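In what follows, a structure is listed as structure tokens, so that the remarks can point back to it.
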Amino acid sequence: MKLELVGARQAIRRREDDRGMKAVKKPLAALLAAVLTLVLAGCGGGAETPLLLDGDFQKNMHQSTTNNLKYICETGEGIYFQDFDVFAYYLDKETKRVAILCGKPDCKHNNETCNAWFYTKCLWAYDGKIDFSNSDYIESNGKWVDYGNRLYSVNPDGTNRTVVQNLDFVPGGNTERERTDPIMHRGITYFTYSGILYALPLGGDIKDAERIWGEELEEDPSHSLIFNQLHYTLWADGETMYFMVNKPQSDGTNKDTLFAYDTNTREVSQVWETPNADEAGEWETAGVAVSQWYITDGYIYFYLSGNGFWRSDLESGATEKLADITETPAAGSAIFTDDYLFIMNDTPVNLDAFASYGTRRAGGDTIYVYSMEGKLIKELSLKALYGKLETITHCELAFSTGSDIYFIVDASTQGSLVNGEVPHYRNLFLYCVNTDTGEITQIYNWQ
893 MKLELVGARQ AIRRREDDRG MKAVKKPLAA LLAAVLTLVL AGCGGGAETP LLLDGDFQKN
953 MHQSTTNNLK YICETGEGIY FQDFDVFAYY LDKETKRVAI LCGKPDCKHN NETCNAWFYT
1013 KCLWAYDGKI DFSNSDYIES NGKWVDYGNR LYSVNPDGTN RTVVQNLDFV PGGNTERERT
1073 DPIMHRGITY FTYSGILYAL PLGGDIKDAE RIWGEELEED PSHSLIFNQL HYTLWADGET
1133 MYFMVNKPQS DGTNKDTLFA YDTNTREVSQ VWETPNADEA GEWETAGVAV SQWYITDGYI
1193 YFYLSGNGFW RSDLESGATE KLADITETPA AGSAIFTDDY LFIMNDTPVN LDAFASYGTR
1253 RAGGDTIYVY SMEGKLIKEL SLKALYGKLE TITHCELAFS TGSDIYFIVD ASTQGSLVNG
1313 EVPHYRNLFL YCVNTDTGEI TQIYNWQ
């Protein structure tokens, strides 16, 4: 049975309009008090902060894919993010201070009893709440129960954790599968289960989820293993929901392939795939995947590290190279926004024990700012940090908002040989650089 998503969207939009009017009427003093309480408490307490959002997927939070600081959402005054481990934080955009999202008195913030323990695969702000997913076991009546992957919501200060909806048809079952990070767009949750892509109004019963894509792979028995392990990257822009799949090819290889789902007609079509090396030239993952991509207004913008900055019209298929980026920098990681492409001149390295926490980049002392038309606007130097932090090994991009680019500074060290092992000490810092002034600021209360 098909789910009537259109009617659900109309009802959700009416509720969003009502919420927006109520939020605007709240006194500014109360909003500032809530923000200051979050920042100064150091443990994320205080009154609820109204979230002035329309429920659209936050494209600008599609940050750099080279590090593990992945799950981020933005409100009018601040940014919520999960760190490299499992804990959620609030970052005030004005003061550049961070507070762990807990608010529980005397909490040591070291296990799942902490309010800030998210361990999530998504993060978004909607309807005055912060939503995230979690598939940990839950203690119930003296024993541990596997409830499967579920979507939760909390107040902006981390309190009042409640279950929003299930994301597993069989809780705890079918664990040998690729888990896709879900997204929410205009009141609809998009998620996968066993390689099938589904849509479900936020808060709905999973038995009513609408199946969007996956049938054609399921019908081919030769693809059964690949199908169950299929990974999607989800995106949304206006009335269209997109999903990128590393789709199996007839020659036995895989290639990133983009599909569009029209939320009105509920039709799916293939609209783009990664160009071959003979079309675009060599780059880090030639012919397989792009280094970074961004969709807006019917175009996909993509960066090929060690090659260039490109744009493709998703309707006509026309592709053009906006900038040849092979010298300055020769390679690097990137972040897109609606207005800019930021490239850090870091380079890939072999993953070793010293970098076992996830980074695969090295270097990084300059950020190059390109317009979305491919013009190099300016270069932002981070070289002063290398003199300030003696143990710094590299910088890597994290995310961007407004005129600020946030990046991670790795100043980890390794000790002397002890009992046949070399101890490693992870030491990471969060900084931001202002694109207008070039000023570099350290983000305190997080490491």
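Count along the sequence shown from 1, then add 892; that gives the number in my numbering.
In this text, a Cβ means the ideal position worked out from N, Cα and C, and glycines have one as well.
Please read all numbers here as calculations on a predicted model, not as lab measurements.
According to DSSP, simplified to helix, strand and coil, what is residue i?
i, result
"A1290", "strand"
"L1277", "helix"
"I1098", "helix"
"M953", "helix"
"D1038", "coil"
"A1017", "strand"
"A1169", "helix"
"Y1298", "strand"
"N1326", "strand"
"Q1141", "coil"
"R1053", "coil"
"R1253", "strand"
"A1128", "strand"
"T1220", "coil"
"P1063", "coil"
"G970", "strand"
"C1006", "coil"
"G1200", "strand"
Suppose contacts are defined by Cβ-Cβ distances below 8 Å. Is residue i in contact with residue j by that definition?
i, j, result
"Y1018", "I1030", "no"
"I1284", "A1254", "no"
"I1192", "S1208", "no"
"M1133", "Y1124", "no"
"P1093", "L1126", "no"
"Y1044", "N1033", "no"
"R1042", "V1062", "no"
"G995", "N1003", "no"
"I1022", "P1048", "yes"
"D948", "R1078", "yes"
"G1173", "N1199", "yes"
"M1236", "L1289", "yes"
"L1196", "V1180", "no"
"N1319", "T1305", "yes"
"Y1090", "I1104", "yes"
"L1268", "I1259", "no"
Could you name the residues of the same chain whose beta carbon sits closer than 7 Å to that of residue i, not counting the 5 residues immediately before and after it, in chain order?
i, result
"V931", "Interpretation of V931 is limited by its pLDDT of 39, a score under 50 that renders its predicted location unreliable; the figure taken from the coordinates is listed afterwards. Same-chain partners within the cutoff: D984, T987, R989 and A991."
"G1095", "V1056 and Q1057"
"N1052", "V1046"
"T1166", "K1147, D1148, G1179, V1180, A1181 and V1182"
Among residues of its own chain, excluding the 5 on either side of residue i, which ones have a beta-carbon nearer than 6 Å to its beta-carbon?
i, result
"Y963", "Q974, T1012 and L1015"
"D909", "Since pLDDT at D909 reaches only 36, below the 50 mark, its modelled position is unreliable, and the value read off the structure follows with that caveat. Excluding sequence neighbours, D909 sits near nothing in its chain."
"W1202", "F1194 and K1213"
"M913", "The pLDDT assigned to M913 is 33, lower than 50, so where the model puts this residue is not dependable, and the model offers no usable value."
Please go through the same chain and pick out, in chain order, the residues whose beta-carbon is closer than 8 Å to the beta-carbon of residue i, but skip the five residues on each side of it.
i, result
"C1324", "K988, D1296, I1297, Y1298, F1299, I1332, T1333 and I1335"
"T1206", "Before going on, a small fix: residue 1206 reads as Leu here, not Thr. These residues qualify, in order along the chain: L1150, A1152, V1163, W1164, I1187, G1190, Y1191 and I1192."
Any idea if residue i is buried or exposed, counting beta-carbon neighbours within 10 angstroms, 16 or more meaning buried?
i, result
"S1116", "For S1116, the predicted model reports a pLDDT of 45, less than 50, meaning its position is unreliable; a value from the coordinates is still stated below. Exposed."
"P997", "exposed"
"K1280", "exposed"
"E1313", "exposed"
"N1168", "exposed"
"D1170", "exposed"
"G1144", "exposed"
"E969", "buried"
"Y1317", "exposed"
"G1224", "buried"
"M1292", "The question names Met, yet the displayed sequence has Ser at residue 1292. Answer is buried; the Cβ neighbour count reaches 16."
"D1129", "buried"
"W1036", "exposed"
Since I believe residue j is in contact with residue i (beta carbons under 8 Å), could you give me their beta-carbon distance rounded to a whole number of angstroms?
i, j, result
"I993", "A980", "The sequence given here places Leu at residue 993; Ile does not occur at that position. Yes, they are in contact, since the Cβ atoms of L993 and A980 sit about 4 Å apart, within 8 Å."
Taking 7 Å as the cut-off, is the beta-carbon of residue i closer than that to any non-hydrogen atom of the ligand GTP?
i, result
"Y963", "With respect to the ligand GTP, the structure offers nothing, as it holds no ligand at all."
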